[in-house]
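In the working numbering, the protein residues as written are 5 to 125.
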């Protein structure tokens, strides 16, 4: 479960550095994203349903980031994204009526990736 939560956490860390509302004008220019972005908050939640050996397993989860000291830097030439920092995630989950919670701490996280625009988007 901890590995799954870590994967969800990393995905949401990357997605939550940049946000917009319905009224914001969307631009495909990479120039608007260049720089260092500080993560200030993140909450993720969802549900899943799987069948194992004929038995349905329904699950719900919610994670809230706490003690966030994380940032993401986006550069051009080279087109790189560097996310790094530390944070805790309070995770609550239930599966078939059994609930559990835990706090997971991630210290000195560092992930580097290349980025590109596809069809100017």
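Idealized CB from N, CA, C, for every residue including glycine.
Practice problem: Determine, using beta-carbon pairs with one atom in the segment 63-76 and one in the segment 88-98, whether at least three such pairs fall under 8 Å. | Solution: yes
Exercise. Spell out a yes or no on whether the segment 108-123 and the segment 85-93 are touching, meaning 3 or more CB-CB pairs, one atom from each, closer than 8 Å.
Key: yes
Quiz item: Of the residues 91, 41, 37, 100, which one's Cα is nearest the Cα of residue 55?
Solution: The shortest Cα separation from residue 55 among 91, 41, 37, 100 belongs to 100.
Quiz item: Which residue's Cα is closest to the Cα of residue 35: 114, 89, 104, 78?
Solution: 78
Exercise. Over the uninterrupted beta strand (DSSP E) stretch that includes residue 47, give me the two end residues.
Key: 47-56
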